[in-house]
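The structure appears right after this line, and notes come after that.
Residue numbers (this note's numbering): 41 to 279.
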């Protein structure tokens with residue numbers, strides 16, 4: 041018979057349940073189902089929230105005429121942030137989560153935050169960033185943090201190994217051999233990423249490149265209108 045050594049979090053859970061008196065079935069279901077619930081929350085809530093916020097952000101860029109203001113340079117930053125967020129998503133779906141995957145996810149999170157700061161600093165002097173877009177940006181920054189945190193919680197033993205506790209960390213990438221999503225679920229998630237993530241920002245880059253085929257920084261301006269000029273607006277200002 042194979043003996044299983046309980047780790048500290050497992051022992052703490054069992055001791056907590058024992059101190060509470062008779063263990064009810066609902067207590068066991070809640071404790072034993074935490075991993076399943078975290079996975080469902082990650083895939084069913086965090087991912088749709090991130091993709092939905094991305095589409096809303098794309099619409100705000102289009103509304104403020106990014107192709108005529110900040111240009112392809114800002115659109116390139118958006119594509120870069122999408123790729124930075126897509127790396128841990130792809131690794132989490134296809135590979136066994138070990139210390140290497142967690143370290144990559146943390147690094148991508150840091151790079152995403154730095155790119156987001158660069159993006160806003162560049163765009164702020166070239167187009168109007170409305171309050172609603174600022175709130176969307178906040179959501180887009182928090183969601184990758186939520187995903188990375190949940191991934192670490194789901195694989196807390198690898199997170200502890202990465203911190204140098206109890207075991208030697210593994211950094212070799214291996215395709216998943218267990219706890220795999222069904223082919224249908226994986227295809228659905230990857231399709232959603234392409235349709236609601238990659239395609240909108242590819243369209244944005246195409247639109248920006250057609251208007252101004254250069255990655256050079258566009259001149260800063262104080263005329264950061266929220267949208268296209270209204271009919272008669274220019275004549276009214278001249279009058």
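Virtual Cβ for every residue (Gly too), placed ideally from N, Cα, C.
- [ ] Could you say which of 127, 118, 138 and 228 lies nearest to residue 324 if we only look at CA atoms?
- [x] This structure does not reach residue 324, given that the chain is present from 41 up to 279, and the question cannot be answered.
Task: Reduced DSSP category for residue 239 - H, G, I as helix; E, B as strand; rest coil - done: helix
Open item on the list: Going by DSSP, what residue range makes up the alpha helix (DSSP H) through residue 156?
Closed with: 139-163
Open item on the list: Just verifying my parser: in three-state terms, what is the DSSP assignment at residue 131?
Closed with: helix
Open item on the list: What would DSSP say about residue 205, mapped onto helix, strand or coil?
Closed with: coil
Task: Spatially closest choice to residue 138 from 209, 97 and 186, by CA coordinates - done: 209
TODO: Using the Cα positions of residue 251 and residue 111, report the straight-line distance between them to the nearest angstrom.
DONE: 8 angstroms
- [ ] Would you mind sorting residue 152 into buried or exposed? The rule is 16 or more other CB atoms within 10 Å of its CB.
- [x] buried
Task: For residue 180 and residue 94, believed in contact at Cβ under 8 angstroms, the rounded distance - done: 7 angstroms
Task: Simplified DSSP state of residue 215, which is helix, strand or coil - done: strand
TODO: Evaluate residue 202 with the Cβ neighbour count: other Cβ atoms within 10 Å of its Cβ, from every protein chain shown; 16 or more gives buried, anything less gives exposed.
DONE: buried
Task: Rounded separation between residue 196 and residue 187 - CA only - done: 14 angstroms
TODO: Could you tell me if residue 267 is buried or exposed, where buried requires 16 or more neighbouring beta carbons within 10 angstroms of its beta carbon?
DONE: With a pLDDT of only 48 at residue 267, under 50, the local geometry of the prediction cannot be trusted, and no value is derived from it.
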